[in-house]
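Here is the structure we will look at, set down as structure tokens.
Protein chains: 2
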Amino acid sequence: MVDEAQLDEPKKVTSTTVASSVYDQLRLDILTGDLRPGEKLRSEFLRDRYQAGISPVREALNRLATERLVCREDQRGFHVAGVSKAGLVELTKTRCWVEEIALRESIEQGDDGWEEQIVLAFHRLSRTPRSSDDLTYAFNAKWEGLHRDFHTALIANCGSHWLLDFCLQLIDQADRYRQLAATVSYPKRNERNEHQDLMEAVLARDTDRAVALQCAHIHKTADIVLDANLSFLPDEIGPADPGRC
Amino acid sequence: MVDEAQLDEPKKVTSTTVASSVYDQLRLDILTGDLRPGEKLRSEFLRDRYQAGISPVREALNRLATERLVCREDQRGFHVAGVSKAGLVELTKTRCWVEEIALRESIEQGDDGWEEQIVLAFHRLSRTPRSSDDLTYAFNAKWEGLHRDFHTALIANCGSHWLLDFCLQLIDQADRYRQLAATVSYPKRNERNEHQDLMEAVLARDTDRAVALQCAHIHKTADIVLDANLSFLPDEIGPADPGRC
DNA sequence: AGTCAATAGAATTTGGAAATTATTGGCCGG
DNA sequence: CCGGCCAATAATTTCCAAATTCTATTGACT
Numbered sequence: 001m002v003d004e005a006q007l008d009e010p011k012k013v014t015s016t017t018v019a020s021s022v023y024d025q026l027r028l029d030i031l032t033g034d035l036r037p038g039e040k041l042r043s044e045f046l047r048d049r050y051q052a053g054i055s056p057v058r059e060a061l062n063r064l065a066t067e068r069l070v071c072r073e074d075q076r077g078f079h080v081a082g083v084s085k086a087g088l089v090e091l092t093k094t095r096c097w098v099e100e101i102a103l104r105e106s107i108e109q110g111d112d113g114w115e116e117q118i119v120l121a122f123h124r125l126s127r128t129p130r131s132s133d134d135l136t137y138a139f140n141a142k143w144e145g146l147h148r149d150f151h152t153a154l155i156a157n158c159g160s161h162w163l164l165d166f167c168l169q170l171i172d173q174a175d176r177y178r179q180l181a182a183t184v185s186y187p188k189r190n191e192r193n194e195h196q197d198l199m200e201a202v203l204a205r206d207t208d209r210a211v212a213l214q215c216a217h218i219h220k221t222a223d224i225v226l227d228a229n230l231s232f233l234p235d236e237i238g239p240a241d242p243g244r245c
Numbered sequence: 001m002v003d004e005a006q007l008d009e010p011k012k013v014t015s016t017t018v019a020s021s022v023y024d025q026l027r028l029d030i031l032t033g034d035l036r037p038g039e040k041l042r043s044e045f046l047r048d049r050y051q052a053g054i055s056p057v058r059e060a061l062n063r064l065a066t067e068r069l070v071c072r073e074d075q076r077g078f079h080v081a082g083v084s085k086a087g088l089v090e091l092t093k094t095r096c097w098v099e100e101i102a103l104r105e106s107i108e109q110g111d112d113g114w115e116e117q118i119v120l121a122f123h124r125l126s127r128t129p130r131s132s133d134d135l136t137y138a139f140n141a142k143w144e145g146l147h148r149d150f151h152t153a154l155i156a157n158c159g160s161h162w163l164l165d166f167c168l169q170l171i172d173q174a175d176r177y178r179q180l181a182a183t184v185s186y187p188k189r190n191e192r193n194e195h196q197d198l199m200e201a202v203l204a205r206d207t208d209r210a211v212a213l214q215c216a217h218i219h220k221t222a223d224i225v226l227d228a229n230l231s232f233l234p235d236e237i238g239p240a241d242p243g244r245c
């Protein structure tokens, strides 16, 4: 239980609604790996964990199920979405496809404000440590948020809410895999340079190079996870994998 | 695999769960335009309409909200997702982008079984009338299902559940626009030929031609809607449009 | 006249208990 | 010993009413 990680807010910034609050917490617990892939999500367990009633818990589960972070089977309850090497490969492939489109369009239609947002996002990200602990790895909610913001800023001008949302959904999925690996092998990578190269290519409007770098960045993330040889990562897509249920 | 319910059972084979049943009905009512874009969805109204309790209604609404067929605002309830010309243009653009990838990959990796499914889907579709009434337009659930099946068959082999699901979500959205226009201008189009040309290009593995035809098909659907000059279709994206809330 | 505050009414959200359905473990017959 | 059947248990799903929050209207004040 590492859920006190976001120390920014002293008291809980209660969302406007209990259901949304449970949604936020549950989503974070899944992304951090605090709730493990495939784990069963019993109503009563979640009710106690988040100190809420059953109705809002169920609402949060239904929302997450359509985002494929949670897997629903009628009359059989909910599970945390499963993971697998095959699933990661498929996810990685898909990310490269759609984020390439998003980046190309974003660069083509990008304006001054868009460029400034990218520079700003990079600056903030580069000043924040990857881990909230110096020696060992510990989930840093601030870095995760800024990392997401940076990649979002790159593709934000693609001109399609649909595509942008889809990319963000895939990034969520990839982040979960990344967390699973980070607890085992860290640090292994100079992410700052990768981000800087990518940003410079984008700002130079060198579309092909930017796309290639982004694709390499995505693949590297996946390779780190695959190379970690995680004991709990099966080869094939299991029954609780997203896309199966 | 979608059509059997229509023939055998005049009344629907109730889903395993009330929530899923309400979800199916509500989704259909939105796609057909029976519940109009932007319309408010009050709990009590839906409770009466579908003869269910509030909980399953709420579950269905939450599921549809993440699919952007319904728009949720915390503490202010649910609306049917709005429509607009700008929204349709954005949707069309996005469909061309992602369905191109899906089709290219599907053709590249397609096998014999995939080809057979396409032929079968086309055959079934071509034997079914677009409208369930001969003279005027009337929503034909069977044709709609088979039409969806045909386009799904083309891209089914793309190798990514993510991409396939995303395409299906966008197709749902486009179908809703198509229904809105069909009630006004019908028939204006020989869809059978379009589908046949597309199928033949795909089976001939003429990827570039197939992609071009698919893109034209998507654009034609959008143009018909735009040309219909629907009085209730605003130019700009409104407050209840998907991607905005 | 216009702005703002208070209030009454309507709608959404929530919690728990009842009903429905799956799962488990034991029993019987083959 | 194995496999199917049945009862007991556990979990999910559903309904409903209380509590919370929003909306519309009225009336006072500048």
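First to last, the protein sequences are chains A and B. Take the first sequence: its position 181, counted from the start at 1, is 181 in our numbering, and no numbers get skipped. Take the second sequence: its position 70, counted from the start at 1, is 70 in our numbering, and no numbers get skipped. The C-beta atom is built at its ideal place from N, Cα and C for all residues, glycine as well. Predicted model, so just to flag it, every value in this text is computed and none were measured.
*Between the stretch 88-113 of chain B and chain A, which residues of the former have a C-beta closer than 7 Å to a C-beta of the latter?*
Result list: 90, 91, 93, 94, 97, 98, 101.
*Do you know offhand how far residue 122(A)'s Cα is from residue 198(A)'s?*
Computed Cα separation, rounded: 10 Å.
_Environment of residue 119(A) [buried if 16+ CB atoms lie within 10 Å]_ = The residue in question, residue 119(A), is exposed, as its Cβ has fewer than 16 Cβ neighbours within 10 Å.
*Under a three-way DSSP split, which group does residue 256(A) fall into?*
No answer is possible for residue 256(A): it lies beyond the span of chain A, which begins at 1 and ends at 245.
*Let me know the secondary structure DSSP gives residue 45(B) once reduced to three states.*
Annotated three-state conformation of residue 45(B) is helix, per DSSP.
*is_contact[residue 16(A), chain B] using C-beta, thresh 7 Å*: Yes - at least one Cβ of chain B is within 7 Å of the one on residue 16(A).
*Count the CB pairs spanning the stretch 78-86 of chain B and the stretch 28-42 of chain B that are closer than 8 Å, and state whether there are at least three.*
Using a Cβ-Cβ distance cut-off of 8 Å, the stretch 78-86 of chain B and the stretch 28-42 of chain B are in contact, since at least three pairs of beta carbons, one from each stretch, lie closer than that value.
_Assigned secondary structure, residue 166(A) (DSSP; H/G/I helix, E/B strand, else coil)_ = Residue 166(A) carries a helical assignment under DSSP once its states are collapsed to helix, strand and coil.
_Whether residue 167(B) touches residue 212(B) by CB criterion (7 Å)_ = By the CB criterion at 7 Å, residue 167(B) and residue 212(B) fall outside the cutoff.
_Assumed close pair residue 131(B), residue 140(B) - CB separation to whole angstroms, cut-off 8 Å_ = Between residue 131(B) and residue 140(B) the beta-carbon gap is near 6 Å, inside 8 Å, which marks them as a contact.
*Could you give the C-beta distance for residue 282(A) and residue 58(B), rounded to a whole number, given that I count them as a contact under 8 Å?*
Only positions 1 to 245 of chain A appear in the structure, and residue 282(A) is not among them; the question remains open.
*Who pairs with residue 78(A) in a beta bridge, going by DSSP?*
DSSP lists 41(A), 72(A) as the bridge partner or partners of residue 78(A).
_I need the DSSP call for residue 237(B), collapsed to helix, strand or coil._
Here residue 237(B) sits in coil by DSSP.
_Sequence-distant residues of its chain with Cβ nearer than 7 Å to residue 174(A) (five each side left out)_ = Only 91, 95, 221 meet the Cβ criterion.
_CA nearest to the CA of residue 186(B), picked from 93(B), 35(B), 107(B), 225(B)_ = Measuring from the Cα of residue 186(B), the nearest candidate turns out to be 225(B).
*asked:* When you compare the CB positions of residue 63(A) and residue 54(A), do they come within less than 7 Å of one another, or not?
replied: Their beta carbons are not under 7 Å apart, which means residue 63(A) does not touch residue 54(A) by this criterion.
*chain A within 7 Å of residue 12(B), Cβ atoms only*: For residue 12(B), the predicted model reports a pLDDT of 41, less than 50, meaning its position is unreliable; a value from the coordinates is still stated below. At a cut-off of 7 Å, the C-beta of residue 12(B) has no neighbouring C-beta in chain A.
*Taking all protein chains shown into account, decide if residue 40(A) is buried (16 or more other Cβ within 10 angstroms of its Cβ) or exposed.*
When all chains shown are included, residue 40(A) counts as exposed.
*Using alpha carbons as the reference points, say which of 89(B), 217(B), 106(B) lies closest to residue 190(B).*
When each option's Cα is compared against that of residue 190(B), the closest is 217(B).
*So which of 232(B), 202(B), 236(B) has the shortest CA-CA distance to residue 109(B)?*
Each of 232(B), 202(B), 236(B) was checked against the Cα of residue 109(B), and the nearest Cα belongs to 202(B).
*Quick one: list the residues of chain A neighbouring residue 157(B), beta-carbon separation under 7 Å, in chain order.*
Within 7 Å Cβ-Cβ: nothing; residue 157(B) doesn't reach chain A, min ~13 Å.
*Below 7 Å CB to CB, which residues in the same chain sit around residue 150(A) once its five sequence neighbours on both sides are set aside?*
Residues of the same chain with a CB within less than 7 Å of the CB of residue 150(A), apart from the 5 flanking positions on each side, are 121, 122, 125, 195 in chain order.
*Which whole-angstrom value is the C-beta distance of residue 35(B) and residue 97(A), which I expect to be below 8 Å?*
With a Cβ gap of about 34 Å, residue 35(B) and residue 97(A) do not count as contacting.
*Measuring CB to CB, does residue 86(B) end up less than 7 Å from residue 56(B)?*
No; because the gap between Cβ atoms is not below 7 Å, this pair is not in contact.
*Within 7 Å (strictly less), CB to CB, does residue 136(A) reach chain B?*
No, no contact with chain B.
*Assign residue 13(B) to one of three DSSP states: helix, strand, or coil.*
With a pLDDT of 46 at residue 13(B), under the threshold of 50, the predicted position of this residue should be treated as unreliable, and no value is reported.
*Go ahead and pull the three-state DSSP assignment for residue 96(B).*
Reduced to three states, the DSSP call for residue 96(B) is helix.
*Drop a sphere of 10 angstroms on the beta-carbon of residue 72(B), count the other beta-carbons inside from all chains shown, and report buried for 16 or more, exposed for fewer.*
With 16 or more Cβ atoms within 10 Å of its Cβ, residue 72(B) is classed as buried.
_For chain B, check one thing: does any of its Cβ atoms lie closer than 7 Å to the Cβ of residue 51(A)?_
No, residue 51(A) lies away from the interface with chain B (no Cβ there is under 7 Å from its Cβ).
*Identify the contact partners of residue 74(B) in chain A, using a Cβ-Cβ distance below 9 Å as the criterion.*
In chain order: 15, 16, 17, 19, 20.
_Span of the alpha helix (DSSP H) around residue 83(A)_ = Taken as a continuous stretch (DSSP letters only), residue 83(A) belongs to no alpha helix (DSSP H), as it is neither H nor E.
*Within 7 Å (strictly less), CB to CB, does residue 163(A) reach chain B?*
Residue 163(A) counts as touching chain B.
_Neighbour-count burial assignment, residue 145(B), 16 or more Cβ in a 10 Å radius_ = That one is buried.
*What do you get for residue 33(A), buried or exposed, if any count of 16 or more other CB atoms within 10 angstroms of its CB means buried?*
Residue 33(A) is classed as buried because its beta carbon has at least 16 other beta carbons within 10 Å across all chains shown.
*Return the first residue and the last residue of the alpha helix (DSSP H) that residue 221(B) is part of.*
From DSSP, the alpha helix (DSSP H) with residue 221(B) extends over 207-227.
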